[in-house]
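Undergrad:
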Amino acid sequence: MTRQLRPELLEDRSVPAAVGALDPSFDTDGLVRTTFGATDTGSAVAVQPDGKVVVAGLTTNGNDVAVVRYNPDGSLDTSFDTDGKATYDLGAGILTPQITGLALQDDGKIVICGYGNIGGDDDFVVVRLNANGSADTTFSADGRATRNFAGGGTNDDQAFGVAVLGTGATRKIILVGSSDQTTAGTGFDFAVASFNDNGTTDTAFNAGGTPGRLTRTLGGTDRGRAVAIDSADRIVVAGFTNGGGTNDFGVLRVLPAGTVDVAFNGTGTQTVNFGADDQATSVAVRPDDRIVVGGFSDAGFADFAVAQLTATGLQDTAGFNPTGAGAVGSAPGRFTFNFGALGVVERANAIALQPDDKIVLAGFSAINATGGNPNDFAVARVTADGKLDTSFATDGRATADFGADDQGAGAAIDNNGRVVVAGFTTSNNDFAVARFVGSVEKGDRVVVGGSTNGAAQGFDPNAAGVLPAVQTFTGAPFGAVAANVRTAVGDVDGDGIDDAILVTGPGVAIRVAVLSGADGATLLVNPFDPFGGGFTGGGFVTAGDFDLDGKAEFIVTPDEGGGPRVSIFTRNADGTTTTKANFFGIDDADFRGGARAATGDVDGDGTPDLAVAAGFGGGPRVALFDGGTVFGTPTRIVGDFFAFPGTDAVNLRNGAFVAAGDVDGDGFADLAFGGGPGGAPRVFVLSGALVSAGNVGGAQAAPVLNFFVANDTDDRGGVRVALADLDGDQKADVLAGSGQNRPAGVRVYLGKNITGSAEPATFQDLALFGGAVLPGGVFVG
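Residue numbers (UniProt numbering): 1 to 781.
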């Protein structure tokens, strides 16, 4: 199964380093530089659901769009355009381009915005790349589109922000920036453009005005700089206006139809005056639609600045009231601060919100200036009510030095709550990325079943990845039934906490239920029959977020007596479920040995894939499906293969247990197999990178792991395997559950202790269910 890493802040821990420090698990020192062979300027960053980092910018090597994708450990992701780096030639008709913004679609495609000189003046430019780094020709013939607001001559249109609104065929690409609406070339207004999913003009946007685009003045020369989408799909644009003589923060809110939202402050616009030259560069929207705007205020030397507006467009003087150390010109509703020295230029260029409502601002500061190295990356974290967060780097502020003039331009929060800042360094003129430890990290929850009373137990690991001797919770959603339960873990309701997905084993009418991870008791999904017809052979479950919406789908397969059916469900907001897919995972409609499934990003494309292993009597046959296709026509990544090589492929007839996770830390989910009943407790892990490339033989010849638990080759109870990141180090740990008629327990091998294919010498043995001998064994999810 796959496990969603989540940016929740739970335990007091500092793994792998102190909060606010550079993250040593990111290229050993927290800093990564990448060159495209010229002057390369990174300008925007986003983090995929699988933790991979995407950075976009410009290289002067052809004045091309430049994009790089990193694995979670900071290495280049070679599944992205073969070497982790991709360039896109805008063409001879676009001169002096600038790349300014980046957004990710739910299908993994990458949207990049900017502007360039076309026919004498600047126009909006948007480019869309496929998840593999190639130009997306479904978004126009060459993967790009342009927008001209104001005609030729000196009337420039410059895009600085991009957002994706909606999904599928109704998806819209929103670009924001500024457009010069005067003949003299001096009167810029905020500008918003909307494109359809195929790159054409969205003529339904501002249909009563100029279809596909909207301009709006805030009363002076106005520059739009950033965009965010709120819970009602309204478009929030932030920038600055000089209508009062000096620049002030400016905010515009636009309805999805492309008209100004006059319910916002009565006019659709709002300004914030810090009393100096105030320029907003970034914007984010809270879940309750309050708006947080970041930038800088320059009263001779610029300081970081942040303001908060209510959902109705008023300055949030009650909820955002900064005081205390570092505040140099603050008032209710707004906060300015420096990095400890007056008279130093410090500018925030990016903003990101954490799930706990804290605000991260990133840019640059010259506080540590020495010689010819004036600026460093600068990051600050502000509490939800507007104060520097002293739990971050002791005083809320941190810097990173690449050894030259270093400027942070974009920021994002990754799946573990870490702060990723991207920009550039004049040291070799490279892209530059820094990752800071942003939170106290928590390892994955483990839920086990196997007791014959219908109960399951949940365990939360400590900071070192050790499971406690006593369970965190016990759940029995089916009541006291004379059957075991099989388990999986996934964030089904999207609250950032792993939930427990449970299904009954043989002997009772099959039922599936989901327990909230928040308390281990609340039913998110009431027990229901996943197949209909009262099947009593039991089932298996796994979970994975195939549509990348932040909520895991859960997958149910039958045990012995059922066909190799795969049924995929999603939980609706009201607790009901919708069947997203229903198909045979093994191409044999007459087979009645059931199936077992697992999810993980085996091919490294950012979307979890689905592995299906045949059940009892089917041999160790495995099918591997591209996760991006499972809701339509499921497509195999490779042809079906046997999990175990040689004579085991023939002799092991009771199927295999399967799990998926990145054991070796290369960015590809590996496939872990355990022998079914009648087999020895063999753990066999194959490289996902090799399997997805079609080299199954090579993966089997050089397995990631290949051992018998406790070196016991005589036991014939099989072994249930699971993969989870218990210690938060981005490497999957291996859990081996005891087999049939064995004392209940699980042996845990942390990924950091795996140095070869043999059984690691360091492990944890955890007794379960009082050490009872269980006829069905232990099931680990």
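For every residue, glycine included, the Cβ atom is placed at its ideal position computed from N, Cα and C.
#1: Taking the alpha carbon of Val292 as the reference point, which residue from Thr599, Lys551 and Val360 has its own alpha carbon closest?
#2: Mind reading off the beta-carbon distance from Pro530 to Phe478? Whole number of angstroms is fine, and I expect it under 8 Å.
#3: For Ala325, which residues in the same chain have their Cβ closer than 8 Å to its Cβ, ignoring the five residues on either side in sequence?
#4: Under the assumption that Ala280 contacts Gly295 (Cβ atoms under 8 Å), give the Cβ distance between them as a whole number of angstroms.
#5: Suppose you measure from the CA of Ala352 to the CA of Phe274; what does that come to, to the nearest Å?
#6: As an exercise, report each continuous beta strand (DSSP E) stretch of at least 3 residues that is fully enclosed by the segment 4-87, in chain order.
#7: Need the endpoints of the alpha helix (DSSP H) that Gln98 sits in, please.
#8: When you compare only the Cα positions, how much space is there between Ala44 and Ala411?
#9: Compare the beta carbon distance of Thr222 and Phe188 with 8 Å and say whether it is the shorter of the two.
#10: With distances taken between CB atoms, is the gap from Thr599 to Gly544 smaller than 8 Å?
#11: Assign Ala184 to buried or exposed, taking buried as 16 or more other Cβ atoms, counted over all protein chains shown, within 10 Å of its Cβ.
#12: Spatial neighbours of Val67 within its chain, please: C-beta separation below 6 Å, excluding the five flanking residues on both sides.
#13: Just to confirm, is the Cβ distance from Ala500 to Val514 under 8 Å?
#14: Using alpha carbons as the reference points, say which of Gly737, Ala141 and Val638 lies closest to Gly688.
#15: Would Ala276 and Asp261 qualify as a contact pair, given that the criterion is a beta-carbon distance under 8 Å?
#16: Do Val447 and Gly781 have their CB atoms nearer than 8 Å?
#17: Beta-carbon separation of Thr522 and Lys551 under 8 Å?
#18: If you check the beta carbons only, do Ala307 and Phe249 fall under 8 Å apart?
#19: Going by DSSP, name the residue or residues bridged to Arg334.
#20: Under the criterion of a Cβ to heavy atom distance below 7 Å, does Gly627 qualify as lining the ligand NAP?
#21: Could you tell me how far apart the beta carbons of Asp89 and Gly62 are, in whole angstroms, since I believe they sit closer than 8 Å?
#22: So what does Val780 bridge to, in DSSP terms?
#23: Could you check which residue in Asp121, Asp106 and Val251 has the C-alpha nearest to that of residue 830?
#24: Under 6 Å Cβ to Cβ from Gly199, same chain only, skipping five residues before and after it: list those, please.
#25: Pull up the distance between the alpha-carbon of Ala672 and that of Gly490, whole angstroms please.
#26: Who are the near neighbours of Leu9 in its chain, counting only those whose CB is closer than 7 Å to its CB and skipping five residues on each side?
#27: According to the Cβ coordinates, are Glu346 and Phe304 closer than 8 Å?
#28: Given this structure, state the Cα-to-Cα distance separating Tyr749 from Ala680, to the nearest angstrom.
#29: Bridge partners of Lys172, per DSSP?
#30: DSSP three-state call for Phe769: helix, strand or coil?
#31: So, are the CB atoms of Phe779 and Thr487 less than 8 Å apart?
#32: In three-state terms, what does DSSP make of Ser297?
#33: With C-beta atoms as the reference, is Val683 less than 8 Å away from Phe707?
#34: Taking the beta carbon of Gly533 as the centre, do at least 16 other beta carbons fall within 10 Å, making it buried, or is it exposed?
TA: A quick look at the data gives this:
#1: Val360
#2: With 8 Å as the limit, Pro530 and Phe478 do not qualify as a contact, their Cβ atoms being about 13 Å apart.
#3: Caution applies to Ala325, whose pLDDT of 48 falls short of 50 and renders its modelled position unreliable; the model cannot decide the point.
#4: Yes, they are in contact, since the Cβ atoms of Ala280 and Gly295 sit about 4 Å apart, within 8 Å.
#5: 21 Å
#6: The qualifying runs are 31-34, 40-47, 53-59 and 64-70.
#7: Segment Leu95 to Leu104 is the beta strand (DSSP E) holding Gln98; no alpha helix (DSSP H) there.
#8: 7 Å
#9: The residue asked about is misnamed: residue 222 is Asp in this sequence, not Thr. Contact flag set, yes.
#10: Yes, Cβ-Cβ distance for Thr599 and Gly544 is below 8 Å.
#11: For Ala184, the predicted model reports a pLDDT of 49, less than 50, meaning its position is unreliable and no value from the coordinates is stated.
#12: Correct list, in chain order: Ala56 and Ala86.
#13: yes
#14: Val638
#15: Against a cut-off of 8 Å, the Cβ pair of Asp261 and Ala276 comes out as no contact.
#16: yes
#17: no
#18: yes
#19: Partner(s): Ala307 and Ala331.
#20: This structure does not include the ligand NAP; it has no bound ligands of any sort.
#21: Rounded to whole angstroms, the Cβ separation of Asp89 and Gly62 is 6 Å, and the two are in contact under 8 Å.
#22: For Val780, the beta-bridge partners assigned by DSSP are Val448.
#23: Outside the shown range of the chain, which is 1 to 781, sits residue 830, and nothing can be said about it.
#24: Phe139, Ser140 and Ala145
#25: 18 Å
#26: Summary for Leu9: the model assigns pLDDT 28, below 50, so the residue's position carries little reliability, and this model does not support an answer.
#27: yes
#28: 18 Å
#29: Leu165 and Asn196
#30: helix
#31: yes
#32: strand
#33: yes
#34: exposed
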